[in-house]
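With our numbering, letter number 20 in the sequence shown gets 1165, and the count goes up by one each step, no holes. Quick reminder that beta carbons are idealized off the backbone N, C-alpha and C, glycines included.
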Amino acid sequence: MIQKGISFVALFFILVGCNSVKEISFLETKEIKNNVNTVLNDWHLAASDANFETYFSKMDSISVFIGTDATENWNKEEFKAYSKPYFDKGKAWSFTTLERNIYVNNSGNFVWFDELLNTQMGTCRGSGVLEKKGNSWKIKHYVLSITIPNEDVNAVIKAKKKNDDLFLKKFKN
């Protein structure tokens, strides 16, 4: 009976040990952050250079882009259709990163980030998620927001009230 108990405990620890996820090291985390920084910098540069193929190659096939307008919640194909005319004109948009914070999960296969951007719309904030697919990182989700200083919020609320009222009618029963 004791032998069976010892065997069961040994088997339990073997199974638990096999199922445990190896956490990545500090150096691995640093390398991941460097790789993700490169992907995001290249992504923004591709938009500035109007390089349609490079820009959209950084995004996963099932990615989502959420823009600054309440109606802008696009899957990749919808975002490509929206963006194509801008890229075709030779310059889509220019985002320069002012600061970026990248966070890595314990197994090192996905990251989430936020960034402060200098854009043609003034200061904006972007945030998103990337997943490692094979040997490359793909943008899964990106949200672009226009920053509004707290002391200007009431003026912005007033300026957008008419459009918000029209937009919100879609959600009323």
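Closest in C-alpha terms to V1288, from the list A1304, K1277, G1212, F1255, comes G1212.
Listed in chain order, the non-local C-beta contacts of S1272 below 6 Å within the same chain comprise D1259, V1288, local neighbours out to five positions each way being set aside.
If you draw a straight line from the Cα of T1268 to the Cα of Y1248, it comes to about 22 Å. By the criterion of a C-beta distance shorter than 8 Å, R1245 is surrounded in its chain by N1182, L1185, F1258, D1259, E1260, L1261, once the five residues flanking it on both sides are discounted. For K1236, the secondary structure class from DSSP, reduced to helix, strand or coil, is coil. Cβ contact annotation for K1277 (same chain, cutoff 6 Å, sequence separation greater than five): N1254, in chain order. Taking C-beta atoms as the reference points, S1252 and E1176 fail to come closer than 9 Å. Contact annotation, F1240 with A1195: C-beta distance approximately 13 Å; criterion of less than 8 Å not satisfied.
Under DSSP, F1210 shares a beta bridge with W1219, Y1287. DSSP places I1293 in the coil class of the three-state scheme, outside both helix and strand.
Per DSSP, D1187 lies in no beta strand (DSSP E); the unbroken alpha helix (DSSP H) holding it starts and ends at 1171-1193.
Annotated as distal: K1236 and S1170, with beta-carbon spacing of 9 Å or more. Under the DSSP assignment, E1198 falls in the alpha helix (DSSP H) whose first and last residues are 1197-1202.
Beta-bridge partners assigned by DSSP to D1259: N1246, S1272. Membership of F1312 in the alpha helix (DSSP H) is indicated by the continuous run 1298-1313. Burial of M1204 is indicated by the presence of at least 16 other C-beta atoms within 10 angstroms of its C-beta.
Distances from the alpha-carbon of V1274 to those of H1286, N1263, K1303 put H1286 closest. For I1293, the CB contacts under 8 Å within the same chain, skipping 5 residues up- and downstream, are V1301 in chain order.
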